[in-house]
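Down below is the structure, laid out as structure tokens.
2 protein chains.
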Amino acid sequence: MPTNDAPPTALPVKIAGTGAYLPERRVSSAELEARLGLPTGWVERRTGVRERRWNAGETAAHQAAQAARQALDAAGIPPDDLDAIVAASSGPQQLIPCTAAFVQRELRAPEGRSLCFDVNATCLSFPVALHALAPLVALGAYRNVLIVSTEIASRSLNPCQPESFVLFGDAAAAVVLQRAGSGEASTLHLARFETHHSGAEHTQFRGAGSLHHPNDKLTTPCMNAFDMDGPAVFRQAARLAPGFVDDFFARLGWERGDVDAVVPHQASRHGLDLFTARLGFSEGQVVRNIAERGNCVAASIPLALHEAVTAGRVRRGDRVLLVGTGAGLTLGAAALTF
Amino acid sequence: MPTNDAPPTALPVKIAGTGAYLPERRVSSAELEARLGLPTGWVERRTGVRERRWNAGETAAHQAAQAARQALDAAGIPPDDLDAIVAASSGPQQLIPCTAAFVQRELRAPEGRSLCFDVNATCLSFPVALHALAPLVALGAYRNVLIVSTEIASRSLNPCQPESFVLFGDAAAAVVLQRAGSGEASTLHLARFETHHSGAEHTQFRGAGSLHHPNDKLTTPCMNAFDMDGPAVFRQAARLAPGFVDDFFARLGWERGDVDAVVPHQASRHGLDLFTARLGFSEGQVVRNIAERGNCVAASIPLALHEAVTAGRVRRGDRVLLVGTGAGLTLGAAALTF
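Top line first, the protein sequences correspond to chains A and B. Count the first sequence with the working numbering and you get residues 7 to 344, in order. Count the second sequence with the working numbering and you get residues 7 to 344, in order.
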């Protein structure tokens, strides 16, 4: 439990627009059950996923730019007005340079006009980036910040782990962050995160870094794929999340019922159930898209937010909670007035 | 040129301690000339590097923890007091989870006490992380933030490119960031960055991401190594840096001579020369460690800063400029009172 007891600093920032991109190819759970030799209905019972999208060759930056264009249109600004582009994903398009630089190019955003960099907190990359950029926007360092999460999990599936193989989907989702105008209610009230390294091995991709370098002959294909111990993640999250969320609401000064929409990371059906009843929220408060989207890693939270906004489920002025767990294990929550 | 003309917001933050770690193994340029069949003296003439350290098997997180312990000691705080750990490097230890979570473990920092995430802006990762975390520290969200850059470039050298093969060294460097107390002069005055995607192919590591996945049979060993067109980087930097730095100083309200120490990214001898005479600084203002350290990627700037602090070259209250280029191509500068 964090001991930093500083009072929360509410920041006058606004998610001025949201956007998303889904690859065209739909992959049903029935198709994967046939491919992996699993009983009919096994995937949905275990994970809650009926269908997910799989990328058919487009780049992560292409996905990101499609989502970003929607978010820019919704915010009513052209790419020319972006001051910063932050790619907040679990992994890059290529190791160097950062994915955000390729998004700048794909968007035809003028070069030299924006800072580009990447933030990585796995499944919580989006709320962490929001947390890190909001003060800079509130202070006026940047007027228009694009935060985009783009994931192609389908290239890293582990055929030896049916439960994680069937869980993930591909997507990108983006927001444009601006300073809230005087008279606008939009606010980032509080964001809190805590990392528990004892869970570091529960969700891993061991390769693609200096430890098991791609050119190292000892690096195996399994190291270059997701490696998840779902039950271990769930047990650790179930143990820690209630205290984390209680503490978060105590600092925030809200009751659970004050939240109009809870947008959790779409980790799995069991993960979503944990972040609903066991944390004191009603089913009607919680946004779920895992059945049609799967777990889209860092894109899950902004994608669920975008779909809730376009469906009219989240409206300007609503109180929204972004919440979930990411590899690390990290717990995180961000409370905002949309 | 950025058009965001918002006035700079000076932030009352202090680099309370610095630290560094260098692997024991020294690799001389003569050794590499013999290995690569290069003429004697070729390496130092071309790059300015006489010697660099190469990692002998320790992990990136181990390197980071050694540097972090020094920084924590210098700041006079135990690992238990860290509220956030940010790994600001050009690549991770492994793709998932973030390197910072492994640093939390290596430091024996209590789990659940700190947020851990990674920031990637290649060689400018450290000043970008400083820029992103400083407002959160100034606002009181975090009391003690560790920013650590840890690089093992020696595992990604490209034997087909002698000029980049001989350029890089391994290192880690860290700082502890705190809010400046009342009466303390320490300030982050201004940080500015701009990314020019036309330079994205000048410095690349094409693998280790979704584009050329490690498990993709079409991914070649060369894709999993540094790929640099040094002259192209230099030409672009030489064209853009003067205007960028002029604009930075105009916003800052400082003259070149007001700076006590310029700490540039140690890109190469020619890169350092560019950031000295051609930008209006005197040789005496500029901190250089490339001869003994090589280009340590993201660790270069914080390592040069640490060495300047421990040598008494940078003292409390001095005006310091962190400046340089990173893959992207990104130009960046941060002005602080140490």
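Cβ coordinates follow ideal geometry from the N, Cα and C atoms, glycine included. Because the structure is a prediction, the values reported are computed rather than measured.
- Listed in chain order, the positions of the region 240-260 of chain A with a beta carbon within less than 8 Å of a beta carbon of chain B are L246.
- Boundaries of the beta strand (DSSP E) harbouring P270(B): A267 to P270, taken from the DSSP string.
- Nearest Cα to R322(B) within the set S35(B), R31(B), R32(B) and A81(B): A81(B).
- In this structure the region 260-270 of chain A does not touch the region 14-23 of chain A; the number of beta carbon pairs closer than 8 Å is below three.
- For E57(A), there is no enclosing alpha helix (DSSP H); the enclosing beta strand (DSSP E) covers residues E57 to W60.
- Residue pairing by DSSP puts T24(A) in a beta bridge opposite V181(A).
- For R198(A), the enclosing beta strand (DSSP E) has its first and last residue at T193 to T201.
- Remark: C-beta atoms of L130(A) and T336(A) approach each other more closely than 9 Å.
- Of the candidates G277(B), P116(B) and G259(B), G277(B) places its Cα closest to the Cα of L246(B).
- Here the region 92-112 of chain A makes contact with the region 151-158 of chain A; the two share three or more CB pairs at distances below 8 Å.
- Close to R161(A), with beta-carbon spacing below 7 Å, are these residues of chain B in chain order: S216 and H219.
- For the 9 Å CB-CB criterion, A73(B) and A180(B) form a contact.
- In the assembly as shown, T226(A) is an exposed residue. Its beta-carbon has fewer than 16 other beta-carbons within 10 Å.
- Under a criterion of Cβ atoms nearer than 7 Å, the residues of chain B adjacent to R212(A) are, in order, Q100.
- Exclusion of the five residues before and after L142(A) leaves Y148 as the residues of its chain whose Cβ lies within less than 7 Å of its Cβ.
- A residue is called buried once 16 or more other Cβ atoms fall within 10 Å of its Cβ, and C166(A), having fewer, is exposed.
- Contact annotation: the region 54-63 of chain A does not touch the region 97-108 of chain A, with fewer than three C-beta pairs closer than 8 Å.
- Near chain B, meaning a CB-to-CB distance below 8 Å, no residue of the region 274-303 of chain A qualifies.
- The Cβ atoms of G189(B) and H271(B) lie no closer than 9 Å to each other.
- Residue range V151 to E157 is occupied by the beta strand (DSSP E) that includes E157(A).
- Counting the other Cβ atoms within 10 Å of the Cβ of T209(A) gives 16 or more, which makes it buried.
- Contact annotation: L173(A) and S288(A) have beta-carbon atoms that are not nearer than 9 Å.
- By alpha-carbon distance to F123(B), the top candidate from A243(A), Q184(A) and G334(A) is G334(A).
- Beta-carbon to beta-carbon, T343(B) and H195(B) are separated by about 7 Å, close enough to satisfy the 8 Å threshold.
- Chain order gives no chain A residues near V172(B), where near means a beta carbon separation below 8 Å; the closest approach is about 18 Å.
- Annotation for V251(B): L285 place their beta carbon closer than 6 Å to its own, counting only its chain and skipping 5 residues before and after.
- Within 8 Å of the CB of T193(B), no CB atom of chain A is found; the nearest one sits about 14 Å away.
- Within its own chain, the residues whose Cβ lies closer than 7 Å to the Cβ of A127(A), once the five positions on either side in sequence are excluded, are V134, G332 and T336, listed in chain order.
- D79(A) and T24(A) have their C-alpha atoms some 9 Å from each other.
- As for any beta strand (DSSP E) of minimum length 3 sitting wholly inside the region 59-115 of chain B, the runs are 90-94, ordered along the chain.
- By the neighbour-count criterion, in which a residue is buried when 16 or more other Cβ atoms sit within 10 angstroms of its Cβ, E313(A) is buried.
- Cβ-Cβ distances below 8 Å link D222(A) to nothing in the same chain once the five nearest sequence neighbours on each side are left out.
- Under the 9 Å criterion on CB atoms, D124(B) is classed as interfacial with respect to chain A.
- Counting every other CB atom within 10 Å of its CB across the protein chains shown gives L42(B) a total below 16, marking it as exposed.
- In its chain, beyond the 5 residues on either side, R59, W60, N61 and A62 have a beta carbon closer than 8 Å to the beta carbon of R31(A).
- Within the model, the alpha-carbon separation for D233(B) versus A67(A) is close to 20 Å.
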